[in-house]
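Since the structure comes first, as structure tokens, the remarks are kept for the end.
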Amino acid sequence: MAQKRLYTFSQGLDYAKNYCAKEERCQSQVIDKLVSLGLTMQESEDCVAELICQGYINEQRYAELFAVSKFHQNKWGKIKIAYYLKQKHISEPCIKKGLEAIDYDEYISLIAEIFSKKYSSISKEKRIKTKKTFDYLLGKGFAYNDIVEAIKDKDYDF
3 MAQKRLYTFS
13 QGLDYAKNYC
23 AKEERCQSQV
33 IDKLVSLGLT
43 MQESEDCVAE
53 LICQGYINEQ
63 RYAELFAVSK
73 FHQNKWGKIK
83 IAYYLKQKHI
93 SEPCIKKGLE
103 AIDYDEYISL
113 IAEIFSKKYS
123 SISKEKRIKT
133 KKTFDYLLGK
143 GFAYNDIVEA
153 IKDKDYDF
């Protein structure tokens, strides 16, 4: 059964402008929203093209804001951030630029901070504590090499 049209193209474009003005959005989010409002896929893509021309949508800006906010608020690693950006169909160059927006020294110090908190919260022998802590950080999206870099001066058994 065909979906009932709720919005015309111009109404959809106006709606999308307001939708993008409220917070940073990526192309896939806007297309999904417009399709749910009854626009065809072609109309949705045309709206997105117009929004890009007018500066409402910018994939690189979105990737940078997403990466920095997930790093600061959720304490995610670069691997997890890149995975979620790929899920949103962001291009590889934009993902790379977004990840570059994260300060490396701050990134390493966050890893060290999370490592020490998690390590001290586990009551097992030293090697098991270190393994569990490494697994925890890997699950948060931090790369093994970055974890080693962050704790190389510490007295952990790995």
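Reading the sequence shown from the start, the letters are residues 3 to 160 in the working numbering.
The C-beta atom is built at its ideal place from N, Cα and C for all residues, glycine as well.
request  = Go ahead and pull the three-state DSSP assignment for residue 11.
outcome  = helix
query = In or out: residue 24 buried (at least 16 other Cβ within 10 Å) or exposed?
reply = Exposed, since its Cβ has fewer than 16 Cβ neighbours within 10 Å.
ask   = Does the Cβ-Cβ distance between residue 112 and residue 100 come in under 8 Å?
value = Taking 8 Å as the cut-off, the beta carbon of residue 112 is found no closer than this to the beta carbon of residue 100.
Integer Cβ distance of residue 17 from residue 53, believed to fall under 8 Å = Not quite, the Cβ-Cβ distance comes to about 11 Å (not below 8 Å), so this is no contact.
query = By how many angstroms is the C-alpha of residue 128 removed from the C-alpha of residue 115?
reply = Spanning the two alpha carbons is a distance of roughly 18 Å.
ask   = Based on Cα-Cα distance, which residue from 48, 153 and 10 lies nearest to residue 107?
value = 153
ask   = Is the region 125-145 in contact with the region 78-97, if contact means three or more CB pairs nearer than 8 Å?
value = yes
ask   = What runs of the alpha helix (DSSP H), each 4 residues or longer, lie entirely inside the region 66-92?
value = Correct list: 80-89.
task = Take residue 11 as the anchor and find which of 63, 37, 85 and 149 has the nearest alpha-carbon.
result = For residue 11, the nearest C-alpha among the options comes from 37.
request  = Just mark residue 55 as buried or exposed, buried being the case when its beta carbon has 16 or more other beta carbons within 10 Å.
outcome  = Residue 55 should be labelled exposed.
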